[in-house]
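Peer 1: Top to bottom, those sequences are chains A and B.
Per the UniProt record's numbering, the first sequence starts with residue 1, numbered consecutively.
Per the UniProt record's numbering, the second sequence starts with residue 1, numbered consecutively.
Okay, handing you the structure first.
There are 2 protein chains.
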Amino acid sequence: MTDSPKPTRKRDGRLREDLIDAGVALLRDRGADGMSLRECAAIAGVSHASPGYHFGNLKGLKTAIAARAFRLFGDFMLEFLAKAERAPKAQILAISEGYLAFAEAHKELFLFMFSGQDLDQTDPDLSAMSARAYQILRDTCAPFVKPDSHPETVEILVWSLVHGYAQLMLTGKIRKASPGVKIPAYKFLLDHLNLSLQDDPSSSS
Amino acid sequence: MTDSPKPTRKRDGRLREDLIDAGVALLRDRGADGMSLRECAAIAGVSHASPGYHFGNLKGLKTAIAARAFRLFGDFMLEFLAKAERAPKAQILAISEGYLAFAEAHKELFLFMFSGQDLDQTDPDLSAMSARAYQILRDTCAPFVKPDSHPETVEILVWSLVHGYAQLMLTGKIRKASPGVKIPAYKFLLDHLNLSLQDDPSSSS
DNA sequence: CTCCATAACTTGACACTGTCAAGATACGCA
DNA sequence: TGCGTATCTTGACAGTGTCAAGTTATGGAG
Chain A
1 MTDSPKPTRK
11 RDGRLREDLI
21 DAGVALLRDR
31 GADGMSLREC
41 AAIAGVSHAS
51 PGYHFGNLKG
61 LKTAIAARAF
71 RLFGDFMLEF
81 LAKAERAPKA
91 QILAISEGYL
101 AFAEAHKELF
111 LFMFSGQDLD
121 QTDPDLSAMS
131 ARAYQILRDT
141 CAPFVKPDSH
151 PETVEILVWS
161 LVHGYAQLML
171 TGKIRKASPG
181 VKIPAYKFLL
191 DHLNLSLQDD
201 PSSSS
Chain B
1 MTDSPKPTRK
11 RDGRLREDLI
21 DAGVALLRDR
31 GADGMSLREC
41 AAIAGVSHAS
51 PGYHFGNLKG
61 LKTAIAARAF
71 RLFGDFMLEF
81 LAKAERAPKA
91 QILAISEGYL
101 AFAEAHKELF
111 LFMFSGQDLD
121 QTDPDLSAMS
131 ARAYQILRDT
141 CAPFVKPDSH
151 PETVEILVWS
161 LVHGYAQLML
171 TGKIRKASPG
181 VKIPAYKFLL
191 DHLNLSLQDD
201 PSSSS
């Protein structure tokens, strides 16, 4: 009998995930400031101090939410990578599309991740998922890194463009001046980058 | 008819600015979540409900802080523009340097502005300062807009790169993989953009 | 000069929050 | 069976945003 009229201990390890679900739901429809430990507890149907037991404090809950967000974020990029052609430029486009698809499908999570929230950066879950996402970018950019330069060069170039594009799209800072104009596709912008393969002689800079 | 029928008190209109100062100070050394109306009141030496009178609510105070941040932000870009040469590419580099200088000198304000905070977008101060900053970008990008394309193309390209670069620099997401490596100068990245003047024949897409 | 309307600020209250301490409960295991 | 421990609850406290009502001083009308 898992359920009993006196609900104690019934959830085992499931409650932690339920609380994160509740936090994500609150984040979605009330914003990061509308998220509270007590309301997460209420949604999950437990007492007000239960989240504190599992996550330590509010920072812990936010960190857990961010960790889940980074996992999903990486999943999006890997999914688009798998469906794309193996050509290096196609792969760059693929992670970018995964990046933008995630930002559009999970706007609140995306903004939350990169909004300088007060998170516990020492949390193993968060740092693992964050490093995993960055590694996807690094691997995809590798073919474009020239032997005499640092990998960061290409990585910053690609990541900055797609991240800035996503951020400005979501916060609407771009459309303001002329609301009717369509945002040009990201691919169009990507074509303006001087990316060249490591052994491609067309690079002249 | 001295000024207007409004200012009438011992602190005159000065308290409002003092409260914004207090909010900025709290933002600087405790983060956006550590900012509270009551503590701003305490710093300014007034009662706990006084900020509510001037700003309506916490959202109002945050909006006022963001408006001041956008004004300072625009000032930085204009200052760098004035010191630079008039050549279009030099001007692009100038606003980028102003952008990055602001982000570095006022890290908390920069992150606060672009962190999807719950602000009152209908506030005339905020929207005016925000539009002013965007107009600086638009004007500087204008020489690179081809007659058959939308201005947004170039604007997104430049803004995304510099914004993404600044954001990733400040949140430290870039250095993680190799802490010892120096971040390449932004100018180096800018050189990888295929920017060409409207009448420049070297544009081949 | 008096008087007073009103802007600027204070006082007080309420519901809500995070966080901690201490208690209760049930499961795993001996 | 009985106990230890992880899990969850209860209760309390300080701090918060926000509203209503009270207070004060200032500029202007008479």
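Ideal Cβ placement from N, Cα and C applies to all residues, glycine included.
Every value quoted in this text rests on a predicted model; they were computed, and no experiment measured them.
Taking only beta-carbon positions, decide if A/LEU197 is within less than 8 angstroms of chain B.
Peer 2: Not one chain B Cβ lies under 8 angstroms of A/LEU197.
Peer 1: For B/GLY60, which residues from the same chain have a beta carbon less than 7 angstroms from its beta carbon, with the 5 sequence-adjacent residues on both sides left out?
Peer 2: For B/GLY60, where only same-chain residues beyond five positions count, the Cβ hits under 7 angstroms are ASP120.
Peer 1: Starting from the C-beta of A/LEU111, find all residues in its chain whose C-beta is less than 7 angstroms away, skip the five residues before and the five after it, and write them out in chain order.
Peer 2: Once the five neighbours on either side are set aside, the close Cβ partners of A/LEU111 are LEU170.
Peer 1: Could you name the residues of the same chain whose beta carbon sits closer than 7 angstroms to that of B/ARG16, not counting the 5 residues immediately before and after it, in chain order?
Peer 2: So the list reads HIS54, once near-sequence residues are dropped.
Peer 1: According to DSSP, simplified to helix, strand and coil, what is A/LEU81?
Peer 2: Three-state DSSP puts A/LEU81 in a helix.
Peer 1: In the segment 24–35 of chain A, which residues sit with their C-beta less than 9 angstroms from some C-beta in chain B, listed in chain order?
Peer 2: Those residues of the segment 24–35 of chain A that come within reach of chain B (Cβ to Cβ, closer than 9 angstroms) are GLY31, ALA32, ASP33, GLY34.
Peer 1: Who are residue 226 of chain B's beta bridge partners in DSSP?
Peer 2: Because chain B spans 1 through 205 in this model, residue 226 of chain B falls outside it and cannot be assessed.
Peer 1: Tell me whether the beta-carbon of A/PRO143 lies closer than 8 angstroms to the beta-carbon of A/LEU78.
Peer 2: Not a contact, by the Cβ cut-off of 8 angstroms.
Peer 1: Would B/ILE136 pass as an interface residue toward chain A - the criterion being a Cβ-Cβ separation below 8 angstroms?
Peer 2: Answer no: the Cβ-Cβ gap between B/ILE136 and chain A never drops below 8 angstroms.
Peer 1: For A/ALA103 versus A/PHE80, is the C-beta spacing smaller than 8 angstroms?
Peer 2: Their beta carbons are not under 8 angstroms apart, which means A/ALA103 does not touch A/PHE80 by this criterion.
Peer 1: Just the Cα atoms here: how many angstroms apart are A/VAL145 and A/ILE136?
Peer 2: Spanning the two alpha carbons is a distance of roughly 15 angstroms.
Peer 1: What residues in its chain sit with their C-beta under 8 angstroms from that of A/CYS141, if we drop five residues either side in the sequence?
Peer 2: Here the set comprises ILE92, PRO151, VAL154, GLU155, VAL158.
Peer 1: Check whether chain B comes within 8 angstroms of A/TYR99, counting only Cβ atoms and requiring the distance to be less than that.
Peer 2: No, because no Cβ of chain B sits closer than 8 angstroms to the Cβ of A/TYR99.
Peer 1: Could you confirm whether any beta carbon from chain B is found closer than 8 angstroms to the beta carbon of A/THR171?
Peer 2: Closer than 8 angstroms to some Cβ of chain B, the Cβ of A/THR171 qualifies, so yes.
Peer 1: Would you mind working out which of B/PHE188, B/MET113, B/ASP118 sits nearest B/PHE70, comparing C-alpha positions?
Peer 2: Comparing Cα positions, the closest option is B/MET113.
Peer 1: With distances taken Cα to Cα, identify the nearest neighbour of A/LEU72 among A/ASN194, A/ALA133, A/TYR186.
Peer 2: Out of A/ASN194, A/ALA133, A/TYR186, A/ALA133 has the C-alpha closest to the C-alpha of A/LEU72.
Peer 1: For A/ALA67, which option in A/PRO51, A/ASP123, A/GLY52, A/GLU97 has the closest C-alpha, if you only look at C-alpha atoms?
Peer 2: Cα-wise, what sits closest to A/ALA67 is A/ASP123.
Peer 1: Using a beta-carbon distance below 8 angstroms, is B/LYS176 in contact with chain A?
Peer 2: Reliability of the predicted coordinates at B/LYS176 is poor, the pLDDT of 38 falling under 50, and the value obtained from them is presented with this limitation in mind. Yes, because at least one Cβ of chain A sits closer than 8 angstroms to the Cβ of B/LYS176.
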